[in-house]
Amino acid sequence: MATSATNAAPLIEKHTIGYVPPQDRHGKVRDLFTLWFGGNIAPLPIVTGALGVQLFHLNLVWGIVAILVGHLVGGVLMALHSAQGPQMGIPQMIQSRAQFGSLGALLVVVIAGVMYIGFFASNIVLAGKSLHGVADSVPVPVGIVIGALGSGVIGIIGYRFIHVLNRIGTWVLGIGIMVGFGYILTHIQTDDFLTRGGFNLSGWLATVSLAALWQIAFAPYVSDYSRYLPADVPVAATFWTTYLGSALGSSLSFVFGAVAVLATPAGMDTMDAVKLATGAIGPLMLVLFLLSVISHNALNLYGAVLSIITLVQTFAWRWIPTARSRAVISVIVLSACCFTAVGASAHFIGHFVDMVLVLLVVLVPWTAINLIDFYAIHKGQYDIGSIFRVDGGRYGRYNPQALLAYAIGIAVQIPFMNTPLYVGPVSVHIDGADLSWLVGLLVTSPLYFWLATRDSAYRRRLSEATLAGGL
């Protein structure tokens, strides 16, 4: 039945934030591996991975260990969100209404939408610069528009096309990055490739945090790409294919960045180091990375549009938009981001990315609440109809327990933060390591579980007392 559904599935996605009924479910669980593996072979994770040796002065061995630990830990949270998709059949952000209430979830929806738009705008600038680097005759503003249009077409067509491209991209980019590794390791241009840097605890923890936060950043939209799978797909299968694809793909990119900067003279920009380190195959690598940016950035546009639709639908709950609505909103978002990216200075884009990184701090307690609620409290059983009601149905407009745990989860992170806009006092004492995400998870998870189960027990006793009084 799943096979016939796949054959009948339209190329242009017709659903937006609405529930995907069984007859419209299609695809294979292995598609999640290729989506998250191919999507993580890109310039941004390469640049991020290089920070372990560039900024935090780790050597190659300790840098690789920190990268692997961070992705393996953070990937667990990301993959647990992915496993919710086939069970619920709705996007991640609208599902948050079941934890926070119909109005209580708005803050998280807005934050996620801003984060997607920030990443989209930043990536089209990166695409423009990459295209200019490949072909000098193409000005950066023209490259920005081309990159945005490419991502826009993919995002508008939607779910199925995104998966198709990443199935192809997994083979092309996977082979490409392994060839790149081989070339770099046989053409090392430095004498201190293995000895540059060393071990320092603060730098090691900071690199672990970078890798873990990379995975957590996918949490608000990862289940959007598994929600079309048949509902009988095992949770374990969804978890492992997502986990292995994302952890492996992002780890390869992070390590590639570290290897490239260590194989070239110290002080070089990461992508310049990649171009120099890959020598004769450098132009081909840049073309592959450019295509990867355009393809992966479609996910940011797709997520931003679903967040905007979720926001509007909160107040117009009878409206379940169609593919046309999603296309119109996609064009509006794309045009606004192009206008901003072309007209803004490089410093403006940098500041915008800084703000996006700060927003990750407020997503950590949301992750904890969502996972505890789904796996430990409701065990995947939700009333889908209530989620789409303006009054929240059985989940109400606000969930005080979730909002209290969320606020405390944000507050306890502040002393441990190290972001471009704020550095907490504890982070200063540990030489800049950002452990806010770990503290946020460790505090929010048990706090929300206690508050939610305590409230459920109280309501059950109240109901029993009322029933006994009536009798």
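Be aware that the sequence shown starts at 82, since it is given in this note's numbering, and climbs by one per residue. Each residue gets a CB set at the ideal place from its N, CA and C atoms; glycine is no exception.
| query | result |
| --- | --- |
| Phe-201 and Asn-381 closer than 8 angstroms at C-beta | yes |
| Secondary structure of Gly-279, DSSP reduced to three states | strand |
| Span of the alpha helix (DSSP H) around Trp-252 | 240-267 |
| At least 3 beta-carbon pairs within less than 8 angstroms: the stretch 315-331 vs the stretch 172-185 | no |
| Under the three-state DSSP convention, the category Ser-544 falls into | At Ser-544 the pLDDT is 46, less than 50, meaning the model places this residue with poor confidence and gives no usable figure here. |
| Coarse secondary structure for Leu-357, derived from DSSP in three states | helix |
| Rounded separation between Ala-83 and Leu-113 - CA only | Low confidence applies to Ala-83: its pLDDT is 42, below 50, so where it sits in the model is not reliable enough to give any reading. |
| Chain-order list of residues whose beta-carbon lies under 7 angstroms from that of Tyr-479 (same chain, five-residue window excluded) | Gly-182, Leu-184 and Gly-185 |
| Same chain, Cβ closer than 7 angstroms to Ala-293, neighbours up to 5 away in sequence not counted | Gly-151, Val-154, Gly-155 and Trp-518 |
| Member of Asp-350, Tyr-503, Thr-534 and Leu-371 whose CA lies at the smallest distance from the CA of Thr-129 | Asp-350 |
| Whole-number beta carbon distance between Ala-300 and His-162, since they are thought to touch under 8 angstroms | 5 angstroms |
| Spatial distance of Pro-346 from Tyr-383 (CA atoms) | 39 angstroms |
| Cβ neighbour criterion (16 or more within 10 Å) applied to Ser-416 | exposed |
| Ile-413, buried or exposed, once every other Cβ within 10 Å from all chains shown has been counted against 16 | exposed |
| CB-CB length for Ala-344 against Ile-269, believed under 8 angstroms | 5 angstroms |
| As assigned by DSSP and simplified to three states, the class of Asn-499 | strand |
| Where Leu-516 sits in the DSSP three-state scheme | coil |
| Contact the stretch 489-504 vs the stretch 515-532: 3+ CB pairs below 8 angstroms | yes |
| Exposed unless 16 or more other CB atoms sit within 10 angstroms - verdict on Gly-551 | At Gly-551 the pLDDT is 49, less than 50, meaning the model places this residue with poor confidence; the figure from the coordinates comes in the next sentence. So Gly-551 counts as exposed. |
| 8 angstroms Cβ cutoff met for Cys-419 and Val-226 | yes |
| Short CB-CB distance (under 8 angstroms) between Phe-114 and chain D | Looking for chain D here will not work: only one protein chain is present. |
| Where Val-439 sits in the DSSP three-state scheme | helix |
| Buried or exposed (CB count within 10 angstroms, at least 16 for buried), Ile-249 | exposed |
| Status (buried if at least 16 other CB within 10 Å, exposed otherwise) for Pro-446 | buried |
| Rounded separation between Ile-122 and Ile-171 - CA only | 27 angstroms |
| Nearest-angstrom Cα separation, counted from Asp-536 out to Arg-542 | Annotation note: pLDDT 49 at Arg-542 (below 50); position unreliable, coordinate value reported separately. Spanning the two alpha carbons is a distance of roughly 10 angstroms. |
| Boundaries (first-last residue) of the alpha helix (DSSP H) holding Thr-421 | 404-424 |
| Bridge partners - Leu-116, DSSP secondary structure assignment | According to DSSP, Leu-116 bridges with nothing at all. |
| Cross-strand partners of Leu-139 (DSSP beta bridge) | Gly-279 |
| Given 8 angstroms, three or more beta-carbon pairs between the stretch 133-153 and the stretch 280-296 | yes |
| The alpha helix (DSSP H) enclosing Thr-271, as first and last residue numbers | Run containing Thr-271: none; DSSP gives neither H nor E here. |
| Assigned exposure category for Ile-256 - 16 Cβ within 10 Å defines buried | exposed |
| Helix, strand or coil at Val-507 [DSSP, three-state] | helix |
| Buried or exposed by the 16-neighbour rule on C-beta atoms within 10 Å, applied to Gln-462 | exposed |
| Alpha-carbon spacing of Asn-88 relative to Val-303, whole angstroms | Unreliable positioning characterises Asn-88 in this predicted model, as indicated by a pLDDT of 46, which lies under 50. The coordinate reading is nonetheless provided below. So the alpha carbons of these two residues sit roughly 24 angstroms apart. |
| Pairwise C-alpha distance: Thr-276 and Ser-283 | 19 angstroms |
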